[in-house]
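Reading through the structure tokens given below for one structure.
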Amino acid sequence: MSENVGILESNSFSMKNIGELDPSMQELVRRRSVLGPCYRLFYQRPLHLVRGVGSHVFDADGTDYLDAYNNIPSVGHCNQRVVDAVTHQMSTLNTHTRYVHENILDYAEDLLSTMPDELDNIMFMCSGSEANDLAVRLAQFISGGEGIIVTKEAYHGNTALISGLSPSIGPNVPMSPTMRMIPTPDTYRLETGDIGGWMCDRISEQISDMRRHGIKFAGVLFDGIFSSDGVFPDDAGFLKPVVDLVHREGGLYIADEVQPGFCRTGDAFWGFQRHGIVPDMVTMGKPMANGIPCSGMAVKHQIIDEYARLYPYFNTFAGSPVAMAAAQATLAELREKNLLQHAHDTGAHLKQAIVEASAASGRIGDVRGAGFFIGAEVVVPGATRPDRLTAVKLVELMREHHVLVSLCGPFGNVLKVRPPLVFSEDDVDIFANALERSLNEL
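Numbering (numbering that gives the first Met the number 0), first residue to last: 0 to 441.
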């Protein structure tokens, strides 16, 4: 194990430690200089992954790692149905949405059937960033305002517009002057049994502040499981009063389903359905096509009809027959393998296994989540105080025990457990064993 585990404050690789790597890895890392300095590598000893199957990935030496973090291949790495669908369509035709093609129509109708009737139109993009970008533009156009409210640790994408609404990117990224933030709905530390009411109070404060500064409120953009904030699913239903408030104030509610959507929570196909709400727009991406770039925005037709009177929208690679084939195959796998129920049942076992494996250490203060989206709060034993350095150590130790996880939250101390939806009971045992061993080694 690297001597730097526990010394560095990040799970990203630092070039100053390149001398600790074996010669072949040193060569690969040095060659990455051609990519420029902005990219980051996971882990203080980088991984060279060459193959994946289901919920497991393999490095160049053949070492098997349990992937408990990657939500993009939601129906499993190298899922055969998706591979076959993409291969067939790529060998037939791949073009854009300015021609008629059955794939996009079949998939659009099929996907909309999973949503409330009010959300009756859908448009396609390539990334969640693009989907959120268009949704915010629509909210601003329909409301006549510019002010968007997000949470303090939100991540919604990296376009110029959306990076200004993504405070978790970092303190050096400028935020939009018309945006406002509410604090993280930290159910672990907030002393309230009414998270919905607490959020409404915070939103009302920010709307009032906008008005004082001559900014008209346009809406809110929330990921309903508050992924980057530290994973706070709370009890289903707490977002209902938030939507009602937003509408009373003349704004629109955008549900960012890039992370909680597509059966991830185990309670409903979409995260917002856990709360009994109907958003004005729903954005999606990441797991939508199991690794093929594909995203979308479902919207009430009244909203997009107004926008389309003045503005067209075209995205060259979005909605292509290949992307739609991958997305349709992914949707078929979710249904036929009943992965919603699987996420509910096995996710509950995973959550309980984390509780039991960590009980003796006293270092995990809270385990929360829904389905296969779990946050485990690393704290100073006997307190609720976040312990980032220990969390960094823990992620590195889990990697040494061949389990991949990451961190999130405003203090960077929350284990983010978000595996492919095909995570099995055997995988739960592997995860729990690695966690218990890692905690003991701390």
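By construction, the Cβ of each residue, glycine as well, lies at the ideal position given by its N, Cα and C atoms.
State the Cα-Cα distance for the pair residue i and residue j, rounded to the nearest angstrom.
| i | j | result |
| --- | --- | --- |
| P385 | F410 | 7 angstroms |
| G265 | Q272 | 11 angstroms |
| S175 | L164 | 7 angstroms |
| D58 | N78 | 18 angstroms |
| G381 | T177 | 41 angstroms |
| V4 | K15 | Residue confidence is low: V4 scores 35 on pLDDT, short of 50, so the model does not pin down where it sits. Its coordinate-derived value is still stated next. One C-alpha to the other measures close to 14 angstroms. |
| F422 | G213 | 50 angstroms |
| E117 | V257 | 20 angstroms |
| D52 | G368 | Checking the sequence shown, residue 52 turns out to be Val, not Asp. If I take the Cα positions, the gap works out to 25 angstroms. |
| A356 | N432 | 7 angstroms |
Quick one: what does DSSP say residue i is sitting in, helix, strand or coil?
| i | result |
| --- | --- |
| C407 | strand |
| I429 | helix |
| A84 | helix |
| D66 | strand |
| V99 | coil |
| A297 | strand |
| T255 | Looking at the sequence itself, residue 255 is Asp, so the reference to Thr does not match. Strand, per DSSP. |
| E19 | helix |
| T177 | coil |
| M0 | Its pLDDT being 34, under 50, M0 is placed unreliably by the model, and nothing is read from it. |
| K415 | strand |
| A328 | helix |
| L339 | helix |
| I450 | The structure shown does not extend to residue 450, since the chain is modelled only from 0 through 441, so no value can be given for it. |
| V242 | helix |
| V56 | strand |
| A382 | coil |
| N10 | coil |
| M209 | helix |
| T345 | helix |
| L438 | helix |
| I161 | helix |
| D105 | helix |
| H47 | coil |
| V277 | coil |
| A352 | helix |
| E204 | helix |
| G146 | strand |
| G284 | coil |
| D132 | helix |
| P320 | helix |
| D119 | strand |
| D304 | helix |
Return the residue from the list the options that minimises the CA-CA distance to residue i.
| i | options | result |
| --- | --- | --- |
| K285 | I276, H55, T158 and G295 | G295 |
| R436 | D222, S360 and R367 | S360 |
| P446 | F123, Y154, Q258 and T158 | No information on residue 446 is available, as it lies outside the stretch 0 to 441 that the chain covers here. |
| T389 | G275, N439 and Q340 | N439 |
| L420 | V74, R367, E26 and C37 | V74 |
| P397 | G368, L441, V379 and G260 | For clarity, residue 397 is Met in the given sequence; the question names Pro instead. Taking only the C-alpha atoms, the option nearest M397 is L441. |
| I121 | A107, G408 and P115 | A107 |
| E190 | T383, P36 and A84 | T383 |
| I291 | E332, G213, G249 and V85 | V85 |
| N69 | V81, V56 and D60 | V56 |
| T183 | I363, C407 and A433 | C407 |
| G143 | F422, D233 and E305 | E305 |
| I161 | E129, R188 and T186 | E129 |
| G61 | H76, G249 and R50 | R50 |
| Q340 | D365, V277 and C262 | C262 |
Pop quiz: residue i and residue j are said to be a contact at Cβ under 8 angstroms. What is the actual Cβ separation, rounded to whole angstroms?
| i | j | result |
| --- | --- | --- |
| M280 | L137 | 6 angstroms |
| R179 | M209 | 6 angstroms |
| L20 | V28 | 7 angstroms |
| L244 | S203 | 7 angstroms |
| M283 | N102 | Not confirmed; about 17 angstroms, so no contact. |
| F140 | A317 | 20 angstroms between Cβ atoms; not a contact. |
| L111 | A297 | 7 angstroms |
| D132 | K299 | Not quite, the Cβ-Cβ distance comes to about 18 angstroms (not below 8 angstroms), so this is no contact. |
| V402 | Y64 | 7 angstroms |
When you compare the CB positions of residue i and residue j, do they come within less than 8 angstroms of one another, or not?
| i | j | result |
| --- | --- | --- |
| A67 | F313 | no |
| A455 | G146 | The structure shown does not extend to residue 455, since the chain is modelled only from 0 to 441, so the question has no answer here. |
| V427 | V416 | no |
| P320 | T94 | yes |
| R201 | I181 | yes |
| F371 | P259 | no |
| G374 | V230 | yes |
| N289 | T329 | yes |
| L220 | V149 | yes |
| F12 | L40 | yes |
| F237 | H274 | yes |
| C125 | C293 | yes |
| I449 | V379 | Not covered by the structure: residue 449. The range shown for the chain is 0 to 441. |
| V394 | N10 | yes |
Is there at least one non-hydrogen atom of the ligand NAP closer than 7 angstroms to the beta-carbon of residue i?
| i | result |
| --- | --- |
| P320 | Within the structure as shown, the ligand NAP is missing, as the structure has no ligands at all. |
Using a Cβ-Cβ distance under 8 angstroms, would residue i count as near chain B?
| i | result |
| --- | --- |
| T282 | Of the chains in the structure shown, none is chain B; there is only one protein chain. |
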